[in-house]
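Protein chains in written order, with my numbering: chain A, 1316 to 1911; chain B, 11 to 205.
Just so it is clear, CB atoms sit at the ideal spot from N, CA and C, and this is done for glycine as well.
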Amino acid sequence: MKVTGAQSLVRSLECAGVEVVFGIPGGAILPAYDPLLDSSIRHILMRHEQGAGHAAEGYAHVTGRPGVCMATSGPGATNLVTPIADAFMDSIPLVAITGQVPRAAMGGDAFQEADIIGITMPITKHSIKVMDPDAIPTAVAEAFHIASTGRPGPVLVDLPKDVLASDTTFAWPSSIELPGYRPHTEPNHRQIAAAAELIRRAERPVFYVGGGVVKGRAARELRALVEAVGAPVVTTLMARGAFPDDHDLNLGMPGMHGGYAAVTAMQRSDLLIALGVRFDDRVTGDLASFAPGAQIIHADIDPAEIGKNRAADVPIVGDAKAVIAALASSVGADASITPALYEPWRAEVARWHADYPFAYDQDPDGPIKPQHVVSRFDDALAGEGIVVTGVGQHQMWASQFMRFNRPNSWASSGGLGTMGFAVPAALGAKIGRPQERVVAIDGDGCFQMTAQELATASIEKIPFVVAILNNSHLGMVRQWQELFYDKRYSQVYLPREVPDYVALAEAYGGVGLRATSVDEVDAVIDKALGVDDRPCVVDFRVDEAEMCFPMVPAGASNDDIIVRPGVMPGAGEVEGSSPDHPVPEPYDEPEFVPSA
Amino acid sequence: MSVTTHTLSVLVANEPGVLARIAGLFSRRAFNIESLAVGPTEDPCLSRMTIVVSAEHKPIEQVTKQLHKLIHVVRIVELPHDNSVERELGLFKVAAPAGKRAEILEIAEIFKAQIVDVDTTTLVVESTGTPEQIASLGQLLVPYGILETARTGRVALGRGGKILRSPNPHPVPLEDLSRDYASDHHPAEPIPTRR
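Here you go:
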């Protein structure tokens, strides 16, 4: 069929199953925007390309399908760099379509020319520069295939303007041939048997579950495996919801701000069953003293993750769903593996969990504690809905105090730690799951980085709640300055009245609400969750001095976890713990001095 | 663990930008490439890169795995020095006044090197061989005054009948991306809760 390159692109996106594209038009991508008018694909006009990228990520997080963002050449494309890097670090399937200057102008520093393929080479799973209009369908098919299979990730497709404008023919390929891309999905059965043998011999096994289980759509298989073994589970920041938080085997999030029981269970474990994780430094703390007595079963679809940070005793390369199902059947066939084996271990872990839960003190007459806001949202959502966050203290509190019982109900920026993720990602999540309530827990610092997307949300009638835990600071940075820089607060103060978040929300066509005292919190949450036709921003004026605990200081051993100021139950008790790491002295109740 | 040189033979898709992807990966992962040679192969779709790097065993394994993740990388093999043929080519422009010319020719003869350019005051010596042979020839030419040097990267092939070639064609059907993947793994069973 005779079409233009642009028509071929739009037809290809339709054939790839795309229902929504987040983007902003501009010079070089202009030809693609014309056939979009006649397409079934919904285009959401964002206010900044970074917002388009994060919205596509939010969509991908909650649907498991690739998110699509589109931008023009030059600055449009470079504004996508942050979300592309974010998607790369968190293995989010993302297809970024960028316009490029015409072929003849390439390399000549033409207006709005940027070598976006070169710029994004280290942060994409793959990128394709389409120099021949006939190659558009194959390029799009390859991009979606690569982005969504194996270890998912971002793929960039760069299209020169004249390629989009040329005449070509359209034919959607039924299959594709990529000799250099054959993800290994089926696990080796000898490795599965070896893993089952380690489980049988273990006394203190822990399931260390990561984002790969969500990406691999393996939550159901995981549940069956965990219940067959009866060992405790920790779910990393990327895996919240992969295993139900309400399940009595779930210890929640491990790591730098993880729960005492989750961190300590890993430290004392004799077998970590690591599924779709990458032994990230935020989880392991000082690697040399991480889980010193544990053997490691490490399953991942990316062979490069196995043995990268911690040597594996039983490496398994494969898709999470296939690996976990195979493990479950192997464990199920072995009558000697029963939950009764680990009863003493479960009891010990349960005691830690009961002794050191996530906790905070809310004085009914004092300032609102940020954790209180998060807890009240959790109660109001009652385990339903989708939660999105930015990066920092509020993100950790959301992960600590909210329950996630379903996969794909949590979207957060993990590996890259991208402030400003929440507002656009919440928008994308709501598009992906229109029937669900979407709540963004955000910080005042993060919110101001991408707040312009409220305009997109109100114009497009995309309702979600943004709960700003407004502590008038870049809170996590302030916390580190308090703990490690002698309370010398440098460049972290954001006066809480500027901007007026309520007025700002209304100016953008949304609803603006505010809570300044504890007794206002519930009513405001109720009211916010009742808004169903536009975005709603709530300015929660929370305690400025609140810090996020537990905490393992950067570079310290997980044995030295500080549950709350002055309480370090693990220090010096565990064999193999190293005393040489810098651990802050227990300190008095912080005295808050604004830096302004 | 000791640092040794590794010779990686990499079959890559013959596409623009492949060299940048591979070189970028090495530098991003903090590896120093000692030499790199690229050329076409018997299959017009593929090029062969021969990359020499110095690294310990574990890091080289990691960088090999990372290389495998590049879509344009089709095959990688590490060629052991004792079971492969390794060659480099060197060109040396040597100061050769009339009185010294015979001596230089004699040295070239011993190394089976060719004289490929002659001028009144200079000679260009071309030598092909193992990296060590080229280095020794260079050493011997130093006293005469080496004016310019050009050396290729190493090229290598494994000895014997083992062949590194593209895998057989294996077209894969496209995923149905319109499916609702997220909800198809939600466990339906009630949760045994502690609350």
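- Distance from the CA atom of L157/B to the CA atom of L151/B, rounded to whole angstroms, is 10 Å.
- Between D1815/A and L1784/A, the alpha-carbon positions lie close to 14 Å from each other.
- Buried is the label assigned to I1756/A, since at least 16 other Cβ atoms lie within 10 Å of its Cβ.
- For A1640/A, the CB contacts under 6 Å within the same chain, skipping 5 residues up- and downstream, are E1536 in chain order.
- Rounded to whole angstroms, the gap between the alpha carbons of G1366/A and V1335/A is 14 Å.
- Below the 8 Å Cβ cutoff, chain A contributes P1494, G1495 as neighbours of A23/B, in chain order.
- Ranked by how close their Cα comes to the Cα of V1410/A, the residues Y1675/A, V1396/A, M1421/A, F1716/A have V1396/A in first place.
- Residues of chain B whose Cβ lies closer than 9 Å to the Cβ of G1433/A are, in chain order, G27, A30, G34.
- When CB distances to chain B are screened at a threshold of 8 Å, the residues of the region 1711-1736 of chain A falling below it are N1720, R1721, P1722, N1723, in chain order.
- In the three-state reduction of the DSSP assignment, L1395/A falls in the coil class.
- Measuring C-alpha to C-alpha distances from I1588/A to each of A1402/A, V1541/A, D1834/A, A1818/A identifies V1541/A as the nearest.
- For L77/B, the CB contacts under 8 Å within the same chain, skipping 5 residues up- and downstream, are L18, V20, I32, L35, V83, I86 in chain order.
- When the Cα atoms are used, K1842/A and G1760/A turn out to be separated by approximately 24 Å.
- In the structure shown, the three-state DSSP call for M1711/A is helix.
- Among the residues of chain B, those whose CB is under 9 Å from the CB of T1464/A are V182, E185, following chain order.
- Per the coordinates, the alpha-carbon of P1569/A lies some 29 Å from the alpha-carbon of Q1763/A.
- Annotation for C1761/A: the continuous alpha helix (DSSP H) segment containing it runs 1759-1765.
- In terms of CA proximity to G148/B, K103/B leads the group K103/B, A108/B, V182/B.
- For the pair T1765/A and P1749/A, the CB atoms are not nearer than the 8 Å cut-off.
- Contact residues of the region 1444-1455 of chain A toward chain B are absent (C-beta to C-beta distance below 7 Å).
- The alpha carbon of I1621/A has as its nearest neighbour, out of F1485/A, F1403/A, F1594/A, the alpha carbon of F1594/A.
- Contact note: S1489/A reaches chain B through P183, L184, using a C-beta cutoff of 8 Å and chain order.
- Straight through space, the alpha carbons of V1646/A and H1562/A are spaced by roughly 20 Å.
- Judged by DSSP secondary structure, V1688/A falls within the alpha helix (DSSP H) whose first and last residues are 1685-1696.
- The C-alpha of I1616/A lies about 13 Å from the C-alpha of G1468/A.
- Cβ atoms of R1829/A and D1854/A come within 8 Å of each other, at about 4 Å.
- Using a CB distance cut-off of 8 Å, G1332/A counts as an interface residue toward chain B.
- Within chain B, the residues placing a beta-carbon under 7 Å from that of M1436/A are A30, R31, G34, ordered along the chain.
- Closer than 8 Å to the CB of D1561/A there is at least one CB belonging to chain B.
- Pairing T1599/A with S1481/A gives a Cβ-Cβ distance that is not under 8 Å.
- Under DSSP, the beta-bridge partners assigned to W1725/A are V1702/A.
- Taking G1527/A as reference, the option from T1551/A, A1509/A, L1513/A, V1544/A with the minimal CA-CA separation is T1551/A.
- Under DSSP, C1851/A shares a beta bridge with V1780/A, V1826/A.
- Here the C-alpha atom of A123/B lies approximately 10 Å from the C-alpha atom of I144/B.
- At least 8 Å separates the beta-carbon of K1317/A from that of T1435/A.
- The C-beta distance from L1352/A to I1339/A rounds to 16 Å, too long to fall under 8 Å, and the pair is not in contact.
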